[in-house]
Amino acid sequence: MPKPVILYDPDTLLHHSVEVIAHKVIDAHESPDRIHRILGALTSDNSCELVEMSTEGNQAQIIDYISRIHSNDYIRHIQTIFERFLASGAVEQDGCVLPECFPHYSLLSISKSHDQSTTEDDQGMSRFRLPEDPFAHMGYYSFDLSAGMSKDTFKSTVAAAGLSIRGVDMLLESPSQSSKPIIFALTRPPGHHACRNLAGGYCYFNNAAIAADALLSKLGPRLTLAGEKSDRPERESRVVILDLDFHHGNGTQALTYTRREPAYISIHGKGEYPYYTGFEDECGAGEGQGFNRNLPLLARPKSTTEEYLALLEEACVKIKNEWKSKYLVVSMGFDTYRKDVLGGFELDCEDYTTIGARIRSLGLPTLALLEGGYSEELGELAKAFIHGLGDI
Ligand code: OKP
Ligand code: ZN
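35 is the number that full-length UniProt numbering gives to position 35 of the sequence shown; each next residue is one higher, with no gaps.
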């Protein structure tokens, strides 16, 4: 059995941001040091193989995959907005910009614009005129104050998407069906809150959605036994995204909601950030009906590890027996830890080995992507998870 492969790109360390907590602007909890903590814990640990990557020469191809998930206008915004602020003198080279004003839907006046039908694609945003002011751009393309832009944010988030796509290639390159590859990509910034046209919650490009979509595009259309493209309604989904971050992956859900493939299933804090999504009655729509599943659980101290592991079991049964998935993408967050500063169930370090081992026992080619996890012990938690994935 091959060891889990850990994918890392030094460009993911470049991005830095700030956030606002209780009237103070602080360095964001989502910091470059998170990756250092994980790499630190993995040195002198030979349970996995660390592979260093670079986006060099691949940027255009990575952006092609990103543009299957995010709009070109949004990608251009993430790519250029910091330069615009820099040129106007509004920010220093080493600074970080936050939004000022959000286009909340109730700001729309009772006017002709109210009657315009909106496209499915922009979900109503076309009723707002995109302002000239770069601060307004920040508000137009984000939903909170936790996705500031710094000089190399674009570079880092492209690197994270690049790791996700490389991980997909490694799943498919695996020589035989008997050795199921297990990859863990150290994606930073994370992605599961990012929507088609929205950054938020430390996320810019949705790594999990990009990976699942790239995987499906490489797999090609489903074929019937006769070798014809299958378009009859199916109850199965070849690719599933299992989201184990403490926070609901609103972005991943939104991006996959009307699709059967990939399916999405999440265990997350009930009533927690991002507050407006993640309810049990959100089950998918259209072709995606029945392929979205939310399993909310009260945060510590109102839930137990036993309850958490029972939900994980429910998720695994759904993936294996109901959706009969062939490939697994895991949005892995370590903010479910009992001492996490932003979230937390009652999980302890060794529980991550249990989680990793349960994922491994599904016997599927698996690509895990890093989402959240903000405690000092992050490195140890990641190591425990990898040990479970690798059956060590
Ligand atoms: C991202 B992920 C203070 C509150 C922070 C954002 C939480 C983002 C979590 N600014 N709110 O899912 O781990
Ligand atoms: Zn989280």
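For every residue, glycine included, the Cβ atom is placed at its ideal position computed from N, Cα and C.
>> By the DSSP assignment, the alpha helix (DSSP H) with residue 356 in it spans what residues?
In response: Taken as a continuous stretch (DSSP letters only), the alpha helix (DSSP H) holding residue 356 covers 351-361.
> Given a threshold of 16 other Cβ atoms within 10 Å of its Cβ, counted over all protein chains shown, does residue 93 qualify as buried or as exposed?
Replying inline: Only exposed fits residue 93, as fewer than 16 other CB atoms lie within 10 angstroms of its CB.
> For the alpha helix (DSSP H) that contains residue 184, what are its first and last residues?
Replying inline: Taken as a continuous stretch (DSSP letters only), residue 184 belongs to no alpha helix (DSSP H), being part of the beta strand (DSSP E) at 182-185.
> Taking C-alpha atoms, which residue in 173, 378 and 187 lies nearest to residue 365?
Replying inline: Of 173, 378 and 187, the residue nearest in Cα terms is 173.
>> Which residues neighbour the ligand ZN when neighbourhood means a C-beta less than 7 angstroms away from any of its non-hydrogen atoms? List them by chain order.
In response: For the ligand ZN, the residues with a Cβ under 7 angstroms from any of its heavy atoms are, in chain order, 245, 246, 247, 333, 335, 342, 343, 371 and 372.
> Is residue 203 helix, strand or coil when you go by DSSP?
Replying inline: Assignment of residue 203 by DSSP, reduced to helix, strand and coil, places it in the strand class.
> Cβ of residue 21 within 6 angstroms of any heavy atom in the ligand OKP?
Replying inline: For the ligand OKP, at least one heavy atom lies less than 6 angstroms from the Cβ of residue 21.
>> Let me check you understand the geometry: is the CB of residue 269 closer than 6 angstroms to at least one non-hydrogen atom of the ligand OKP?
In response: Checking the Cβ of residue 269 against the ligand OKP gives no.
>> Short of 6 angstroms in beta carbon distance, which residues of its chain neighbour residue 392, apart from the five on each side in sequence? Order them along the chain.
In response: Once the five neighbours on either side are set aside, the close Cβ partners of residue 392 are 47.
> Relative to the ligand OKP, is the shortest distance from any of its heavy atoms to the C-beta of residue 375 smaller than 6 angstroms?
Replying inline: Residue 375: no, Cβ never under 6 angstroms from the ligand OKP.
> If you measure from the CB of residue 44, is any heavy atom of the ligand OKP nearer than 6 angstroms?
Replying inline: Distances taken from the Cβ of residue 44 to the heavy atoms of the ligand OKP include none shorter than 6 angstroms.
> Is any heavy atom in the ligand OKP found nearer than 6 angstroms to the beta carbon of residue 146?
Replying inline: Taking the Cβ of residue 146 as the reference point, at least one heavy atom of the ligand OKP falls within a distance shorter than 6 angstroms.
> So, helix, strand or coil for residue 137, using DSSP?
Replying inline: Residue 137: helix per DSSP, three-state reduction.
> Does the stretch 154-169 come within contact of the stretch 124-135, defined as at least 3 CB pairs closer than 8 angstroms?
Replying inline: With a cut-off of 8 angstroms, the stretch 124-135 and the stretch 154-169 do not count as touching, because too few Cβ pairs lie within range.
> Looking at the structure shown, is residue 393 part of a helix, part of a strand, or coil, going by DSSP?
Replying inline: Lying before the first or after the last residue shown, residue 393 is absent from the chain, which here runs from 1 to 392.
>> Can you list, in chain order, the residues of its chain with a C-beta nearer than 7 angstroms to that of residue 213? Leave out the 5 residues immediately preceding and following it.
In response: Cβ within range, chain order: 68 and 69.
> Exposed or buried, which one is residue 261 when buried takes at least 16 other CB atoms within 10 Å?
Replying inline: Note on residue 261: 16 or more other CB atoms within 10 angstroms of its CB, so buried under the neighbour-count rule.
> Roughly how many whole angstroms lie between the Cα atoms of residue 198 and residue 25?
Replying inline: Computed Cα separation, rounded: 22 angstroms.
> Grouping DSSP H, G and I as helix and E and B as strand, with all else coil, what is residue 229?
Replying inline: Looking at residue 229 - three-state DSSP - the assignment turns out to be strand.
>> On a Cα-Cα basis, can you pick out the residue from 166, 234, 183 and 249 that is closest to residue 200?
In response: Among 166, 234, 183 and 249, the Cα nearest to that of residue 200 belongs to 249.
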